[in-house]
Amino acid sequence: MVAIFHRYSSKYWHFAENGNSKKRPIAVSIPHPFREMRVQDGVLKYGFVGPALIFLIAFNIFPLFYNIYLSFTDAELSGGIARLVGGRNYGVIFDDTRYGTALRTTGLFVVLAVATELLLGFALALALQKPFWGKPAITTILLVPMMLSPAVMGLYWNFILNGHYGVVNQALSVFGLYQPQWLTDPDLKLFSILMIDIWMWTPFMMLIALAGLNAIPNHLYEAAAIDRASRWTVFRRITLPLCSPLLFLAVLLRTTDALKQFDLVMAVTGPNDRATQTLSALLYQVMFRGYKIGLGSSYSIVILLIVIALATIFIRYITSIQAKQGRESA
C-alpha cells in the first residue's frame, strides 16, 4: 500500500513555493489505484453467475412457461400444428374419472408413507442418539436403501414379492402360512409399493431427525436430570419441541417427493394399473401412451399447483413454530 501510494503521489501531487521558500502541496484529482481491479472483479462475478443463470433459464424457467403454454393447446406427440383451446384441457381433467381415482390413490399413498416413515425414522434416530459400539456401521447400513435407485429397487422388489418364486412367499411356505399375491391382488398392490417406499425413505427421516437430536444442547438434559424430570417429560418438553422444525422440514421434503411418485409404480405394477396409478403415472399414461401433450401438460400443472399449495402450508406452519419458540425463549 505504501509503495502504491508513493507511486501515485509522485505523479499526481505538485508543489509550489511561497514567499518563505517552503513547498506546499497542491492537491489534484487522484484516480483510485484499485478502480481497475474493482472492474475486473465485477466482470469476474458475472462470469461466475452467468453460466448458472443461463442453465436456470434454459432448463427450469423456459420449460415451465412452455409447459404452461402447452397446457392451453391441443398439442399431440404424433405431430401437427398445436392450436389454442383455452381451458378445455383442465375441464377434461376434472371430468375424467381417472383423475379422481389417481388423486385419492396419491393422497392415500402420501399420508401412509410419510407418516410411517416419520414415526420409524424418529424412533431409529432416538435409538441412535446415544453413542454405543458399532453405531457408525449400523448407521451406514441403515442409510444404504436411500442411496439406491428407486427404479432398480422396484425391479428388485418385484422379484422378492413375486407370488410364485418370490423370496417372501417362499419363506411363508416353509412355515405353512398363507402366501399373498402381493403384485396381482388389487387390495395388496398399493400396500406393496408402500412397503418398498417406507423401506427406502425411512433412513432419510432418520438422518434428519438424528441431526435435530444432535443439535439439542446437552445442558438442557442435564438441567432436566437435576429436576428429576421423567423421560416422557423430557421427550415432550425438550426433545420433541426442539426437533419439530427439522421434522416438519423432512415431512415437507418427503411429501413433495411422494406426490410425484412414479418410479416404483412404473417398475412394480406399471402406469396403467388403476389400483396403484398415481397422478404422475396418469400423466405418463396420458402423455406418452395417449400421445396427448397438451392434456398431459395440464396434468403436470395441476400436480405442480398441489405441490406448491402444500409446500406453502408447511412453510408457514414451520415459520409460525419458529416464531413461537423465539418468543418463548425471549
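Those letters in the sequence shown? Residues 46 to 375, per my numbering, in order.
Note that the Cβ used here is the ideal one computed from N, Cα and C, for glycine as well.
Only a predicted model underlies this, so the values are computations on that prediction, with no experimental measurement involved.
### Message
Cutting at 8 Å between CB atoms, please list the residues of its own chain near A147, excluding the five before and the five after it.
### Response
Q322, T323, L324, A326, L327
### Task
Under 7 Å Cβ to Cβ from K234, same chain only, skipping five residues before and after it: list those, please.
L228, T314, D318, A320, T321
### Query
The alpha helix (DSSP H) spanning I243 covers which residue range?
231 to 259
### Query
Going by alpha carbons, who is nearest to R133 out of L115, I261, L122, S123?
L115
### Task
Report the three-state DSSP secondary structure of L129 (helix, strand or coil).
strand
### Query
Helix, strand or coil: how does DSSP classify R361 here?
helix
### Message
Within a Cβ cutoff of 8 Å, which residues of the same chain sit near G153, ignoring the five residues on either side of it in sequence?
### Response
Reading the sequence as shown, one finds Leu at residue 153 and not Gly. Answer for L153: L235, listed in chain order.
### Task
Compute the beta-carbon to beta-carbon distance between C288 and L258, rounded to the nearest angstrom, for a pair I have assumed lies under 8 Å.
6 Å
#### Entry: Bridge-paired residues (DSSP) for T118
L129
### Query
In whole angstroms, what is the alpha-carbon distance linking S66 and G95?
With a pLDDT of 47 at S66, under the threshold of 50, the predicted position of this residue should be treated as unreliable, though the coordinate-derived value follows. Their Cα atoms are separated by approximately 59 Å.
### Task
List the endpoints of the continuous alpha helix (DSSP H) containing F307.
That residue, F307, is in no alpha helix (DSSP H); it is neither H nor E in DSSP.
### Contact set for F50: own chain, Cβ-Cβ below 6 Å, skip 5 residues either direction
Legend: pLDDT at F50 = 43, less than 50; position of this residue unreliable, value from coordinates given subsequently. Cβ neighbours of F50 beyond the five flanking positions: none.
### Backbone secondary structure at K180 - three-state DSSP
helix
### Message
What does the Cβ neighbour count give for V310, buried or exposed, with the cut at 16 atoms within 10 Å?
### Response
buried
### Task
Out of S218, A158, W202, A196, point me to the one whose CA is closest to L239's CA.
A158
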